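First residue of the sequence shown? That's 1 in my numbering, and the numbers climb one at a time after it.
Even for Gly, the Cβ is constructed at its ideal location relative to N, Cα and C.
Source: prediction; values computed, not measured.
Some notes on the structure that comes next.
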Amino acid sequence: MRKVGVYLHRWFGLFTAVFLFISGLTGAIISWDHELDEWLNPQMYILQEGGDKRQSYPSLELANRYEASNPYLQISYMMLNQEDGHTFNAFVVPRPDPVSGKANEIAFNQVALNPYTAEPQAQRMWGEISLSKENLLPFLYKLHYSMHIPDGFGIRLGYLIMGIVAIVWTLDCLISLWISFPRLSSWRKSFRFRLHEGRYKLNFDLHRSGAVWVWGLLLILAVTSISMNLETQVMRPLVAKFSELSPNEFDNRDPRPLDEPAEPVFSREMIVEKAIADANARGWEVPAGGIFYSSSYDLYGVGFFEGTNDHGDGGLGNPWLYYDAKTGLPAGGVIPGEGSWGDIFLQAQFPLHSGRILGLGGRILISFMGLVVAMLSVTGLIIWARKRKARINKQARSASYN
1 MRKVGVYLHR
11 WFGLFTAVFL
21 FISGLTGAII
31 SWDHELDEWL
41 NPQMYILQEG
51 GDKRQSYPSL
61 ELANRYEASN
71 PYLQISYMML
81 NQEDGHTFNA
91 FVVPRPDPVS
101 GKANEIAFNQ
111 VALNPYTAEP
121 QAQRMWGEIS
131 LSKENLLPFL
141 YKLHYSMHIP
151 DGFGIRLGYL
161 IMGIVAIVWT
171 LDCLISLWIS
181 FPRLSSWRKS
191 FRFRLHEGRY
201 KLNFDLHRSG
211 AVWVWGLLLI
221 LAVTSISMNL
231 ETQVMRPLVA
241 KFSELSPNEF
251 DNRDPRPLDE
261 PAEPVFSREM
271 IVEKAIADAN
281 ARGWEVPAGG
291 IFYSSSYDLY
301 GVGFFEGTND
311 HGDGGLGNPW
321 LYYDAKTGLP
331 AGGVIPGEGS
341 WGDIFLQAQF
351 PLHSGRILGL
361 GGRILISFMG
371 LVVAMLSVTG
381 LIIWARKRKA
391 RINKQARSAS
401 YN
């Protein structure tokens with residue numbers, strides 16, 4: 001049976017190696033995406049020119065003024081809080097043409113506004129395939145989970161392929177632990193590093209023992225990777241077999257065609273007012289921190305967090321309330337720590353994958369693990385190449401002898 005495990009580990013590893021090498025390196029970097037992006041592109045974040053410094057526009061008014069000046073687009077995500085000395089950052093999507101109902105063309109999807117003038121200071125196409133300083137961090141972020149593989153056949157192929165890689169990686173984690181301990185009596189060998197016995201033995205130990213030492217973290221990253229890319233298709237149905245799940249806000253909604261976006265009936269102000277009232281009724285003390293609008297599902301979401309903590313550092317993330325953009329009626333919510341164990345398991349997926357469940361220390365750990373994943377991919381390929389070369393040489397000698 002162990003031979004079967006070794007065989008599967010070899011081919012699973014070869015299938016995932018390049019993908020995991022890239023995802024590992026990019027993951028180590030994007031743990032600090034906001035900080036690095038602000039350093040590389042201060043024009044997107046740091047206010048460069050003032051205007052009337054006596055009073056900045058409130059976030060909702062800034063959004064309304066910008067949309068009024070650009071009727072071909074609508075804001076899809078924005079913060080409700082503002083940082084002193086910083087721009088007002090928002091993501092935008094096309095607004096439907098009033099005659100055809102088709103999406104307008106837009107040349108950018110992220111904009112940084114001067115909060116005193118409501119004028120754009122900078123804008124870019126987030127996720128564009130480009131290594132320019134302006135686009136580097138968004139490029140790496142999207143590369144991490146999709147490899148920038150274009151959509152096809154009505155499917156987000158990049159998400160699907162990387163989700164399959166995550167499934168294979170998860171299975172390989174289980175197999176690799178099994179084959180790392182051929183005999184329980186010699187278990188210590190699977191934890192040691194032979195530092196002075198040659199490069200090949202050290203490379204082998206880095207691959208085997210290195211993985212054993214952090215095996216639990218590798219399994220967490222592999223499983224959460226499935227959730228990041230295939231939550232609806234794989235993870236939710238799987239968890240639902242073992243635990244009752246609260247209805248997802250998107251479960252009973254069919255997405256609109258991408259070229260036929262919806263336009264909300266209820267304004268952001270009305271939805272934020274409703275959300276704050278509902279939050280107060282629940283006894284929440286944290287303020288409304290951000291709002292998004294999905295033009296595909298005609299759905300609003302309001303997140304509650306302090307300052308700019310929209311990623312939810314520490315714990316299971318931030319609470320969100322959802323509202324139908326046509327009726328204004330509540331459409332569900334995600335309350336960290338509430339629900340069945342299956343609900344809480346799903347809530348923990350992004351905080352675990354990003355390390356943010358442990359705050360700053362967790363992000364440092366995930367950066368380290370990204371480098372470990374890349375190292376395991378390289379050392380695994382070296383082992384395979386070395387054994388393949390030895391096998392070919394043996395066959396050549398055998399043929400020559402015969």
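Check, Outcome
"Note down the Cα distance separating Thr16 from Glu249, rounded to an integer number of angstroms.", "33 Å"
"Where does Ala63 fall in DSSP's three states?", "helix"
"If you scan the segment 83-168 from start to end, which runs of the alpha helix (DSSP H) of 4 or more residues do you find wholly inside it?", "136-146"
"Using three-state DSSP, classify Ser56 as helix, strand or coil.", "coil"
"Using the beta-carbon count (16 or more within 10 Å), is Asn229 buried or exposed?", "buried"
"Starting from the Cα of Ala68, find the closest Cα among Gln55, Asp84, Asn318, Arg95 and give me that residue.", "Arg95"
"Are at least three pairs of beta-carbons, each pair with one atom in the segment 63-80 and one in the segment 235-251, less than 8 Å apart?", "no"
"Check whether the segment 196-214 touches the segment 134-153, counting contact only when three or more Cβ pairs, one atom from each stretch, lie closer than 8 Å.", "no"
"Near Val286, what residues of its chain come up, given a Cβ to Cβ distance below 7 Å and the 5 sequence neighbours on each side ignored?", "Phe304, Phe305, Glu306"
"Taking the alpha carbon of Ser176 as the reference point, which residue from Phe88, Val6, Leu299, Ala262 has its own alpha carbon closest?", "Val6"
"Find the nearest neighbour of Ala63 within the set Gly361, Ala374, Ala112, judged by alpha-carbon distance.", "Ala112"
"Nearest to Asn89 by CA position, among Thr308, Ser23, Ile179, Ser398, is which residue?", "Thr308"
"Assess contact between the segment 118-132 and the segment 182-195, defined as three or more Cβ pairs (one per stretch) separated by less than 8 Å. Is contact present?", "no"
"What does the alpha-carbon distance come out to for the pair Ala275 and Val378?", "49 Å"
"Tell me whether Ile46 sits in a helix, a strand or coil according to DSSP, three-state version.", "strand"
"Apply the 10 Å Cβ neighbour rule to Pro115 and answer buried if 16 or more other Cβ atoms are within range, or exposed otherwise.", "buried"
"According to the Cβ coordinates, are Ala331 and Asp298 closer than 7 Å?", "no"
"Mind listing, in chain order, the continuous beta strand (DSSP E) runs of no fewer than 3 residues lying wholly within the segment 325-399?", "330-334"
"Taking buried to mean at least 16 other C-beta atoms within 10 Å of its own C-beta, is Asp172 buried or exposed?", "buried"
"Please name the residue, chosen from Leu160, Gly198, Ala277, Asp251, that lies closest to Ser225 on a Cα-to-Cα basis.", "Leu160"
"Tell me, please, which residues DSSP counts as bridged to Met1.", "BP columns for Met1 are empty, so no partner."
"According to the Cβ coordinates, are Phe292 and Val168 closer than 7 Å?", "no"
"Can you tell which of Leu329, Val234, Ser354 has the C-alpha that lies nearest to the C-alpha of Asp313?", "Ser354"
"Tell me the rounded alpha-carbon separation between Ser31 and Ser367.", "6 Å"
"If we count the other Cβ atoms within 10 Å of its Cβ and call it buried at 16 or more, is Gln395 buried or exposed?", "exposed"
"Roughly how far, in whole angstroms, is the beta-carbon of Ser295 from the beta-carbon of Pro261, given that I think they are within contact range, below 8 Å?", "4 Å"
"Do you know how far the Cα of Arg356 is from the Cα of Leu217?", "14 Å"
"Hey, would you say Glu269 sits closer than 7 Å to Leu60, going by beta carbons?", "yes"
"Decide if Gly186 is buried, meaning its Cβ has at least 16 other Cβ atoms within 10 Å, or exposed.", "The residue asked about is misnamed: residue 186 is Ser in this sequence, not Gly. So Ser186 ends up on the exposed side."
"Who are the near neighbours of Asp151 in its chain, counting only those whose CB is closer than 8 Å to its CB and skipping five residues on each side?", "Leu157, Gly158"
"Does the distance from the C-beta atom of Phe108 to that of Gln121 stay below 7 Å?", "no"
"Within the continuous beta strand (DSSP E) that includes Ala262, where are the two ends?", "Where Ala262 is concerned, there is no enclosing beta strand (DSSP E), given that its DSSP letter is neither H nor E."
"Span of the beta strand (DSSP E) holding Phe304?", "299-304"
"Please list the terminal residues of the continuous alpha helix (DSSP H) segment that includes Gly216.", "215-230"
"From the DSSP output, in three-state form, read off Trp32 for me.", "coil"
"Do Gln347 and Ser227 count as a contact pair if the criterion is CB distance below 7 Å?", "no"
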